[in-house]
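Numbering (my numbering), first residue to last: 21 to 317.
Just so it is clear, CB atoms sit at the ideal spot from N, CA and C, and this is done for glycine as well.
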């Protein structure tokens, strides 16, 4: 087993095609198939179901894929650190979050601080899972911004701000608020999975008014804020999105905010890091904390 075979398995699992990965990796399809078979033999389980339509992960393959993501991320961190040493940089500073909306905010923080910390290479990544502890323990990130606080004594979790979710729609839809919850059932709905637990918050809000979230006309679930926003731009749909990600779109007229009577979806953002990390990177972490507080007001 080697890192390249794991990367190839990850690519095949993602693209659901051996032929596409073979083409992208500049190896023959038969060589790639043999590599995947050897990986299955080493692990003692079948990872892929092969057919003329492509490949699908087995239950064992789905489990192995989770671990492969962790291995690849750790390997990439090793390569980054070695590259930084070769370039005589002090170190890499990795910021992680579970949400593209948070990452877009932290990108602004990196831009604001990069000149002050020229000897650091900044890396902005998405969390593999939902565990703050696992992300920090495996050194995948130096700091994490997320929607909850860690509960371990060796990890510091500080509230850096809050935001709210807002209902938005295409400006061409003739809707004037405030509306009732019942009105949103009349339109196609885009559910965002990237960010705070929007489905749970929406479920609780609707249930409190006697409605069932399953009755919403959910067209599809968007796994990134950009997909959610583009869906609202191009079609007569409604979505519930983080305000910090759509304020400019609303002010520029690309989308319209809808006020719903009795609707309030506030959430908090926390910055987490290990005590030990703070000892070595105190100035940098403290500056990122200040930046986060200024951006998440």
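Span of the alpha helix (DSSP H) around residue i
| i | result |
| --- | --- |
| residue 132 | 120 to 133 |
| residue 268 | 263 to 272 |
| residue 297 | 295 to 300 |
| residue 29 | 23 to 35 |
| residue 249 | 245 to 254 |
| residue 201 | 201 to 204 |
| residue 155 | 152 to 157 |
| residue 40 | 38 to 45 |
| residue 317 | Neither: residue 317 is in no alpha helix (DSSP H) and is coded neither H nor E. |
| residue 192 | Careful: residue 192 lies outside any alpha helix (DSSP H) and carries neither H nor E. |
| residue 218 | 218 to 228 |
| residue 60 | 49 to 63 |
Cutoff 8 Å; reference residue i; Cβ partners in own chain excluding five residues on either side
| i | result |
| --- | --- |
| residue 59 | 21, 25, 26, 29, 67 |
| residue 223 | 233 |
| residue 56 | 25, 28, 29, 32, 38, 67, 68 |
| residue 78 | 65, 66, 67, 68, 69 |
Residue i and residue j closer than 7 Å at C-beta
| i | j | result |
| --- | --- | --- |
| residue 124 | residue 290 | no |
| residue 88 | residue 36 | no |
| residue 142 | residue 160 | no |
| residue 180 | residue 308 | no |
| residue 218 | residue 226 | no |
| residue 166 | residue 118 | yes |
| residue 190 | residue 262 | no |
| residue 116 | residue 152 | no |
| residue 198 | residue 281 | yes |
| residue 295 | residue 174 | yes |
| residue 95 | residue 23 | yes |
| residue 297 | residue 100 | no |
| residue 274 | residue 137 | no |
| residue 207 | residue 258 | yes |
Whole-number beta carbon distance between residue j and residue i, since they are thought to touch under 8 Å
| i | j | result |
| --- | --- | --- |
| residue 170 | residue 292 | 5 Å |
| residue 185 | residue 278 | No, residue 185 and residue 278 are not in contact; Cβ-Cβ is about 12 Å, not under 8 Å. |
| residue 260 | residue 205 | The pair is not a contact, with the Cβ atoms about 14 Å apart (cut-off 8 Å). |
| residue 183 | residue 287 | 6 Å |
Range covered by the beta strand (DSSP E) that runs through residue i
| i | result |
| --- | --- |
| residue 177 | 175 to 189 |
| residue 163 | 163 to 166 |
| residue 74 | 74 to 77 |
| residue 210 | 208 to 212 |
| residue 69 | 68 to 71 |
| residue 113 | 111 to 117 |
| residue 239 | 237 to 242 |
| residue 284 | Per DSSP, residue 284 belongs to no beta strand (DSSP E) and is neither H nor E. |
| residue 143 | 140 to 146 |
| residue 277 | 276 to 278 |
Beta-carbon proximity list for residue i, same chain, < 6 Å, skipping 5 on both sides
| i | result |
| --- | --- |
| residue 65 | 80 |
| residue 85 | 33 |
| residue 270 | 277 |
| residue 120 | 214, 244, 245 |
| residue 147 | 116, 118, 155 |
| residue 200 | 281 |
| residue 221 | 285 |
| residue 264 | 183 |
Cβ-based neighbour list, residue i, same chain, cut-off 7 Å, excluding 5 preceding and 5 following
| i | result |
| --- | --- |
| residue 311 | 129, 132, 133 |
| residue 53 | 38 |
| residue 63 | 84 |
| residue 172 | 153 |
| residue 42 | 48, 49, 52 |
### Query
Pairing CB atoms from the segment 207 to 216 with CB atoms from the segment 237 to 246, are three or more of them under 8 Å?
Under the 8 Å Cβ criterion, the segment 207 to 216 counts as touching the segment 237 to 246, having at least three qualifying pairs.
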